[in-house]
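Scroll down for the structure; my scribbles are underneath it.
Take a look at the structure:
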């Protein structure tokens, strides 16, 4: 893993936030503190925001892909992996700063002490509850306000031309992308519901799932990025990820149609 991460300007330590990102991106951004340099922390934060789905979103995505075909799953996974490696390589060249080597000191192996395990687990849970849970509550509150003020419909109208013309998706898909920013699992669940009703073809399902995976991080994750990296960096990441997601989905849509790929 160290050699792979070296291509992206990182070292083997980056595997920890990456793996945690498959559970919760907000927690993973917090864990990026273990990386030594500002450049490494910025790259890993960008990659987590771009191409690492959280467990709630991933479960819905895999369930949806499993109902289509194994080929669809391979196309989705291959697209996300290639995007991760390519964007990481570009980020390592664009972002200036130092890169550290990977050194790991292996302590003597001892039998775990149950008391120590419980104390450290309790400490980590308390840390997570204090740092992340308030952000989830804030994100849910913002979603409630947008819904009550009917602003979600306004955003859907603005974004629908891109979704329909570039991605080749129904206009209603716009709602899922907007919800995906507020809560990633809500966005994926919206696509799942559309597929269940026959509103998405298999090709459209794969394109929409790739796009929502590459979409901007959820609101709680965004606030955590603001807290850890600053507002300017957070807005910069969103400014890159947002068009990247639609361009990636649009390119995949064009390739699948050009080569008449079916699932």
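In the numbering used here, the protein residues as written are 4 to 266. Where a beta carbon is used, it is the ideal one built from N, C-alpha and C, also for glycine.
Quiz item: Using the rule of at least 16 other Cβ atoms within 10 Å of the residue's Cβ for burial, across every protein chain shown, is residue 258 buried or exposed?
Solution: exposed
Quiz item: Which of helix, strand or coil does DSSP assign to residue 172?
Solution: coil
Self-check item: residue 104 - DSSP class collapsed to helix/strand/coil
Solution: coil
Self-check item: Neighbourhood of residue 253 by C-beta distance below 7 Å, restricted to the same chain and skipping five residues each side
Solution: 169 and 170
Practice problem: Helix, strand or coil for residue 55, going by three-state DSSP, please let me know. | Solution: In this structure, residue 55 counts as coil in the three-state DSSP scheme.
Exercise. Look at the alpha carbon of residue 77 and the alpha carbon of residue 68, and state the distance between them as a whole number of angstroms.
Key: 9 Å
Self-check item: Residues of its chain near residue 180, where Cβ-Cβ distance is below 8 Å and the 5 sequence neighbours each way are ignored
Solution: 162, 166, 190, 214, 215 and 218
Quiz item: Rounded to a whole number of angstroms, what is the C-alpha to C-alpha distance between residue 15 and residue 247?
Solution: 26 Å
Practice problem: Decide if residue 256 is buried, meaning its Cβ has at least 16 other Cβ atoms within 10 Å, or exposed. | Solution: Of the residues assessed, residue 256 falls on the buried side of the cut-off, its CB having 16 or more other CB atoms within 10 angstroms.
Practice problem: Specify, as a first and last residue, the run of the alpha helix (DSSP H) that residue 123 falls within. | Solution: Per DSSP, the unbroken alpha helix (DSSP H) holding residue 123 starts and ends at 117-134.
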